[in-house]
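Here the structure comes first, spelled out in structure tokens, and everything after it is commentary.
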Amino acid sequence: MTVNLLDLDAAGLTAFFAECGEKPFRARQVLRWLHRFGQLDFDAMTDIARSLREKLRATAQVLPPVVIADRLSDDGTRKFLFDVGGGNAVEAVFIPEAERGTLCISTQAGCALDCSFCSTGKQGFNRNLTVAEIVGQLWQARHSLGAYAAGETAGGERVISNVVLMGMGEPLANLDNTVTALRLMLDDNAYGLSRRRVTVSTSGLVPAMDRLRNECPVALAVSLHAPNDRLRDELVPINRKYPLHELMSACLRYLEKAPRDFVTFEYVMLAGVNDSDAQAHELLALTRDVPCKFNLIPFNPFPGSPYHRSSAPRIRQFAETLIDAGVVTTTRKTRGDDIDAACGQLAGQVLDRTQRTGRRVFPLRLDLQRVSG
Ligand code: SAH
Ligand code: SF4
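Each step along the sequence shown adds one to the number in the UniProt record's numbering, with nothing skipped, and position 37 is 37.
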């Protein structure tokens, strides 16, 4: 079978070249061409002997995921839709800010965890993305944003300075591919991002958090969303398997190896569900022993969702309760509203696989029309 070289990190490429009877340094050369310089054509890899280039053409290919839509929001947010076959698409969103440019990428087509407020969850699970599909979102975004054309390298200013795994899917339910993709993001011969600038967001898969800690500790965000097990069982069903006391201990273990000295707790603000002052105090008690910051996410509605976004004054009051207790708390700005690029709105799958709603959701056609229009 022909191997897609974008599926391989430094160790994988080294093994691949060893099998071809080639020296290990070929891995470094090819990593640079593919990821650092964005060059996918073997013939343009000038420091590689012609005989090896021919061998590569025969045994390998380089296939990033195909961009099927690319939309720019009025606020500068840019959303890329990728075809991942079988009628499925996943999304990456680029969010430019004064100090940084953040790319939010997906790790699965759909998600099996079925959080009650998440449109990806409501679409059901299709499959894990490959390494090439995960890291290929970064490759394609760099390409489209002109980073390769500008000759951007690890040392200087970056268009994409931060990557967050907060798009579609649960990264820790696709741990092997996620870890390999993370290694490529951190590799100086590839994307050269620092561990602090790459964030994995998880709904709290405790054993996989421990593995990530040991295999590739990057910055960690945990989707908390509720201050007690009763409510979290309802909002984030995986909580029934890994309840809050286990999750808090896993956060503490993670912090022993984390590149930042805090965990970010994400908390979606659902009107009348999890946004009272009493719940803010309960949250403070729950997280008292864990060095953390809070990121409040105003709920982004989607068709058929049973929730409403908390009002702006309610969110402010909730944030103030946390801040008054000395916990750094930010409220996420809702961006890309006009292109449905906000958290939890990431559409892209043609079919509602679970038939939970018994109808088609987010037809792809619509996206494409809006792009061309
Ligand atoms: N599966 C991972 C990462 C992807 S979701 C996780 O759950 O952490 C990224 C963030 O968006 C999570 O905090 C998730 O809870 C949040 N989110 C999901 N649906 C949302 C919605 N409709 N509005 C606001 N945030 C949402
Ligand atoms: Fe999956 Fe995260 Fe959505 Fe929950 S919030 S269904 S874990 S993508």
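For every residue, glycine included, the Cβ atom is placed at its ideal position computed from N, Cα and C.
Bear in mind the structure is a predicted one, so any value in this text is a computation, not a measurement.
What is the residue span of the alpha helix (DSSP H) that residue 55 lies within? 50-59
Tell me the rounded alpha-carbon separation between residue 274 and residue 53. 58 Å
Sufficient close CB pairs (3 or more, under 8 Å) joining the segment 26-45 to the segment 299-308: With the cut-off at 8 Å, the segment 26-45 and the segment 299-308 do not touch.
Please give the ranges of any alpha helix (DSSP H) in the segment 231-304, keeping only runs that are unbroken, at least 4 residues long and fully inside the region. 244-255 and 277-286
To the nearest angstrom, how far is it from the Cα of residue 18 to the Cα of residue 24? 7 Å
Extent of the continuous beta strand (DSSP E) to which residue 78 belongs: 78-83
Could you spell out where the beta strand (DSSP E) holding residue 47 opens and where it closes? Run containing residue 47: none; DSSP gives neither H nor E here.
Could you name the residues that DSSP lists as bridge partners for residue 125? 110
Could you check the C-alpha separation between residue 166 and residue 29 for me, to the nearest Å? 31 Å
Please state the DSSP three-state secondary structure of residue 30. helix
Pull up the distance between the alpha-carbon of residue 59 and that of residue 20, whole angstroms please. 9 Å
I'd like the list of long-range same chain contacts for residue 268, defined as Cβ closer than 7 Å, with 5 residues on each side in sequence excluded. 117, 225, 297 and 299
Burial state of residue 95, where buried means 16 or more other Cβ atoms lie within 10 Å: buried
What residue ranges within the segment 143-197 form continuous alpha helix (DSSP H) runs of no fewer than 4 residues, ordered along the chain? 175-186
Considering residue 89, what are the terminal residues of the beta strand (DSSP E) in which it resides? 89-96
How would you label residue 323, buried or exposed, when you count the other beta carbons within 10 angstroms and need 16 or more for buried? exposed
C-alpha distance - residue 33 paired with residue 45, whole-angstrom precision: Spanning the two alpha carbons is a distance of roughly 7 Å.
One question on the structure: do residue 202 and residue 247 come within less than 7 Å of each other, judged by their Cβ atoms? No, they are not a contact pair.
Is residue 5 closer than 7 Å to residue 62 when the C-beta atoms are compared? Cβ distance < 7 Å, so residue 62 and residue 5 count as in contact.
Residues in its own chain within less than 8 Å of residue 228 by CB, not counting five upstream and five downstream? So the qualifying residues of the chain are 244, 282 and 286.
Residues near residue 262 in its chain [Cβ-Cβ closer than 7 Å; skip 5 each side]: 291, 292 and 293
Ordered along the chain, which non-local residues of its own chain (more than five positions away) have a Cβ less than 8 Å from that of residue 314? Result list for residue 314: 269, 271 and 275, in chain order.
Tell whether a beta-carbon distance below 7 Å holds between residue 221 and residue 141. no
Residue 224: first and last residue of the uninterrupted alpha helix (DSSP H) it sits in: Per DSSP, residue 224 belongs to no alpha helix (DSSP H) and is neither H nor E.
With H, G and I counted as helix, E and B as strand and the rest as coil, what does DSSP make of residue 200? strand
Have a look at the DSSP bridge pairing and note the partners of residue 69. 81
I need the DSSP call for residue 101, collapsed to helix, strand or coil. strand
Just how far apart, CA to CA, sit residue 83 and residue 107? Distance between the alpha carbons of residue 83 and residue 107 is about 13 Å.
When DSSP labels each residue in this structure, what does residue 377 get in the three-state scheme? Outside the shown range of the chain, which is 1 to 373, sits residue 377, and nothing can be said about it.
For residue 321: DSSP bridge partner residues: According to DSSP, which records beta bridges pairwise, residue 321 is partnered with nothing at all.
May I ask whether a heavy atom of the ligand SF4 can be found less than 6 Å away from the beta carbon of residue 178? no
If residue 120 sits next to residue 168, beta carbons under 8 Å apart, how far is it from one beta carbon to the other, in whole angstroms? The C-beta distance from residue 120 to residue 168 rounds to 5 Å, short enough to fall under 8 Å.
Pull the bridge partners of residue 3 from the DSSP assignment, please. Looking at the DSSP assignment, residue 3 forms a beta bridge with 60.
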